[in-house]
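**Q**
Residue numbers (our numbering): 23 to 1001.
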């Protein structure tokens, strides 16, 4: 009691014990007390001292608290006190000190939490013990456990992550916190998972496959998307941890169709003013989450698939709506521009859609033009101008179609004087007095030429009107004129920023374009200017300009086609050797990659600069420098013979490339033909399959008809077995009227065939008679006439003899034909006799039997008609009964649906009542604890307090009420079960 009075702050006589002594006595009491109540009071006292005497409690009581967690698991109150005490000694988030002395001591013990955490996690069983307590549903245990694990992860993140990773079902237990119905535990569970997944790819994958995406997106939707509170912010931060730099989770997120669920996040109304700070934060995190999925740092395949999914689900269209909306906060607009930039970067479909977006102005203008107007406007924020430049770069990245459209707005044939075009804005920014606008316009125009030799040649056609009365000059010449003027023009901003931008534009324009190099060298003042800039000894700021001039001169040597006699490769190299020196030239060229801003620009495609003065290099230009630096140095040190050999090799390679291109075109044409033939084959195959299906159906129908015919035939045969006919194979009994008609028609056909055969026989007899009458005349002429010489000297005699032989052969053939006709005549006579006999027999029998069977057939027909009518009446009755039953079923289904809805409503009401009852129980438990504490305090102060025995009567009444409530709940459950 003395110790408790010291803790509670009651006045006592004598010297007060120190904090360390009090903690020591409490620890002894926790370790030695056999009663659970005594140990619970001691742990409660340690909890109250853990903030003020953090070092003493942490160093003396940690082991005893762990023992309490291991042995007193059945008492949730002491477990909750122990967990809270451990959390207090390990957390650095302490209350504000009361005086200056405590403030000084607090500053000296900032790292106590990390030290105590390290001591605690040395025994991995302690973490496993904590994870087991997270499975407890009791609020007094689970909530302190969540806070303690979060604190451990904050202090010793990697070590605790590794212990949880190897613990059985460790991550799964933590994921169950998201399903807790108590929002306090769920929200703290989000903070725990943030610390758990930070920087650990293995845990990120496990959490993702534990259905984390589905749960987090559901929470965001339930909380109101971007209009939600800080819970939405915590969910978005956790999603970023799960997806950033994790290709597996990104692929899982895309394949799970979760990108489609992001579209409602970006729905904005017409009035976008008055956004809360939380909404701005949420929307900012949502845009960053989209950028995580399409970041240029991701693998190209994954980025491309996410970009296509965002276009197909309408997410890109929603982002463009925000981009063109009015009243959107500046930081959200800037982040939206950056997000749209990365969604369209390198994706042709998305780039084409973005080119078609128009701003809601009068008249409508393309979104690209509106954005460029902001970029070249020096009044706009610097961050916004950088975002617009990045958007323009991403729009032109690997987009030759877009590059051609931008360059076309500068050509004389396509310029519209009444409309503001992208080309006009770029030229205006290029020649502005604002150095930042010069740099941005130069870099943007360089991206319109990046990797596109056709547009580099087209841009040479652009002519500019400098002043009234003076002839127009080319864009290339105007750039070199501004470059040569240097600091003579008074500009706002950095002194060298304009020159750096123009030199980057010229280097990009002239690289891999011999025609542009020729146009540049055609101006006699350009090369002397470059050599003068390189050879001078200027300050540190001018060294960057010298390096870029050296790069430009090197490009003129490397891409020179020797079309100008005064500026061939050899003469330019001699000029460098005499005026500058090769070593000096190489040193000046090396100034570029050694520059600090060059290294920063080479890291990421996005132009991210802390101030306008640091805006010097473009990311794509750093790639160009890296590519050209080595080849330019080699070109400077090469001899004439090596150049000739290299040119020959180039010509050979070009020849081979032409051959390869030709064969590629042939192969491409053949591939197209093959594809067409494949499509035709597929079409024919499909037609063939359809025909086969049709044939199969027809065959099945034919087979069905045959089966039906056979069944009818068998049935008729059974009915007519008592009256069989005398003729085999022709059963007249049971033959219906249709069969009688068919037999009569066959008899008529046989009679007609008989007449035809008799006519043919008469013709044959006449032919035979004619042949017989001609045969004796021929026989008289078979021997040669007398008087013809035997040796055949007379030609007439020989001709007659030949004719005689021909007649003999003809007679023999006719005699054979006569014999064949006679045999055929005999066969015809036999066939006529057979047919006549059969027809006579059939006609005789059929006429005799048909008369007797017609009556029977008519009687059967009448009976079958009556039976058919009766069956029709039965079918009609059954159909009426079926319709009535169907109506009954429909009515029963509607009644069942209504009952199901009522059942669901009752179940929801029951669940709500249970939840309210649980909350009331928790509140009652808290009130009970407070009441007990107050009683103890009153007892200590000497006030009379009623015992529990005095309150039994009141408790008995409460029990009756509770039993009545329980009975009501049982009745509700029985009613639900009956429904």
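Glycine included, C-beta positions come from ideal geometry on N, C-alpha and C.
Please name the residue or residues paired with residue 387 in a DSSP beta bridge.
**A** According to DSSP, residue 387 bridges with 381.
**Q** Who pairs with residue 495 in a beta bridge, going by DSSP?
**A** Note: residue 495 sits in a beta bridge opposite 486.
**Q** Please state the DSSP three-state secondary structure of residue 514.
**A** Here residue 514 sits in strand by DSSP.
**Q** Spatial neighbours of residue 424 within its chain, please: C-beta separation below 7 angstroms, excluding the five flanking residues on both sides.
**A** Within the same chain, residue 424 has close Cβ partners 373, 377, 417 and 418.
**Q** Got a sec? Which residues, its chain only, sit under 6 angstroms from residue 174 by beta carbon, not counting five neighbours each side?
**A** Result list for residue 174: 139 and 182, in chain order.
**Q** Measuring alpha carbon to alpha carbon, tell me which residue in 629, 502 and 508 is nearest residue 547.
**A** Answer by Cα proximity: 502.
**Q** Report yes if the C-beta distance between residue 87 and residue 151 is below 9 angstroms; otherwise report no.
**A** It is not a contact, given that the beta carbons lie outside the stated cut-off.
**Q** May I have a chain-ordered list of the alpha helix (DSSP H) segments no shorter than 4 residues that lie completely inside the segment 288–350?
**A** For the segment 288–350, whole alpha helix (DSSP H) runs of length 4 or above, ordered along the chain, are 299–315, 322–334 and 337–346.
**Q** Enumerated in chain order, which unbroken segments of the alpha helix (DSSP H) with a length of 4 residues or greater are wholly contained in the segment 401–458?
**A** With a minimum length of 4 residues, the continuous alpha helix (DSSP H) runs that stay inside the segment 401–458 are 404–418, 422–430 and 444–452.
**Q** Residue 916 by DSSP, collapsed to three states: which one?
**A** It is helical.
**Q** Hey, which unbroken runs of the beta strand (DSSP E) at 3 residues or more fall wholly within the segment 200–270?
**A** Complete beta strand (DSSP E) runs here, min 3: none at all.
**Q** Considering only C-alpha positions, which residue in the set 204, 613, 412 and 933 is nearest to residue 642?
**A** Closest option to residue 642, Cα to Cα, is 412.
**Q** Just checking: is the beta-carbon of residue 627 within a distance shorter than 9 angstroms of some beta-carbon in chain C?
**A** Considering every chain present, this structure includes no chain C. It has just one protein chain.
**Q** Identify whether residue 581 lies in helix, strand or coil by the three-state DSSP scheme.
**A** DSSP places residue 581 in coil when its eight states are reduced to three.
**Q** The alpha helix (DSSP H) that contains residue 49, what's its start and end?
**A** Start and end: 41–54.
**Q** Within its chain, find whatever has a CB closer than 6 angstroms to the CB of residue 428; leave out the 5 residues flanking it on each side and keep chain order.
**A** Here the set comprises 444 and 470.
**Q** Which whole-angstrom value describes the C-beta separation of residue 650 and residue 573, a residue pair presumed to lie in contact below a C-beta threshold of 8 angstroms?
**A** 7 angstroms between Cβ atoms; contact.
**Q** Which stretch, first to last residue, makes up the alpha helix (DSSP H) that contains residue 529?
**A** Residue 529 -> alpha helix (DSSP H) spans 519–532.
**Q** Excluding five sequence neighbours on each side, which residues of the same chain lie with their C-beta closer than 6 angstroms to the C-beta of residue 42?
**A** Only 78 meet the Cβ criterion.
**Q** Is it buried or exposed for residue 384, if we count other Cβ within 10 angstroms and need 16 for buried?
**A** That one is exposed.
**Q** With DSSP as the reference, label residue 640 as helix, strand or coil.
**A** Residue state, collapsed to three classes: coil.
**Q** Is the number of C-beta pairs between the segment 685–702 and the segment 622–638 that are closer than 8 angstroms three or more?
**A** No: fewer than three Cβ pairs fall under 8 angstroms.
**Q** Return yes when the Cβ of residue 313 is within less than 9 angstroms of the Cβ of residue 232, no when it is not.
**A** No.
**Q** How far does the alpha helix (DSSP H) with residue 167 in it extend, from its first residue to its last?
**A** Residues 161–177.
**Q** Can you tell me whether residue 395 is helix, strand or coil according to DSSP?
**A** In the structure shown, residue 395 sits in a helix (DSSP, three-state: H, G or I).
**Q** List the whole-angstrom C-beta distance separating residue 357 from residue 309, where the pair is believed to meet the contact cut-off of C-beta under 8 angstroms.
**A** About 5 angstroms separates the two Cβ atoms, so the contact holds.
**Q** Excluding five sequence neighbours on each side, which residues of the same chain lie with their C-beta closer than 7 angstroms to the C-beta of residue 106?
**A** These residues qualify, in order along the chain: 69 and 166.
**Q** According to the neighbour-count rule (16 or more other Cβ atoms, all chains shown, within 10 Å of its Cβ), is residue 210 buried or exposed?
**A** Residue 210 should be labelled buried.
**Q** Which residues bound the alpha helix (DSSP H) around residue 148?
**A** Start and end: 146–155.
**Q** Can you tell me the Cα-Cα spacing of residue 590 and residue 653, whole angstroms?
**A** For residue 590 and residue 653, the distance between alpha carbons rounds to 17 angstroms.
**Q** According to DSSP, is residue 476 part of a helix, a strand, or is it coil?
**A** Helix.
**Q** Using the beta-carbon count (16 or more within 10 Å), is residue 671 buried or exposed?
**A** Classification for residue 671: exposed.
**Q** Ordered along the chain, which non-local residues of its own chain (more than five positions away) have a Cβ less than 8 angstroms from that of residue 45?
**A** Excluding positions up to five away in sequence, the list reads 68, 71, 75, 78, 79, 82 and 83.
**Q** Can you give the beta carbon distance from residue 463 to residue 451, rounded, assuming they're within the 8 angstroms contact cut?
**A** Rounded, the Cβ-Cβ distance is 3 angstroms, consistent with contact.
**Q** Across the segment 201–221 and the segment 274–287, are there enough close Cβ pairs to call them in contact, namely three or more that are closer than 8 angstroms?
**A** Taking 8 angstroms as the limit for Cβ pairs, the verdict is that the segment 274–287 does not touch the segment 201–221.
**Q** Can you tell me the Cα-Cα spacing of residue 956 and residue 963, whole angstroms?
**A** Roughly 10 angstroms separates the two Cα atoms.
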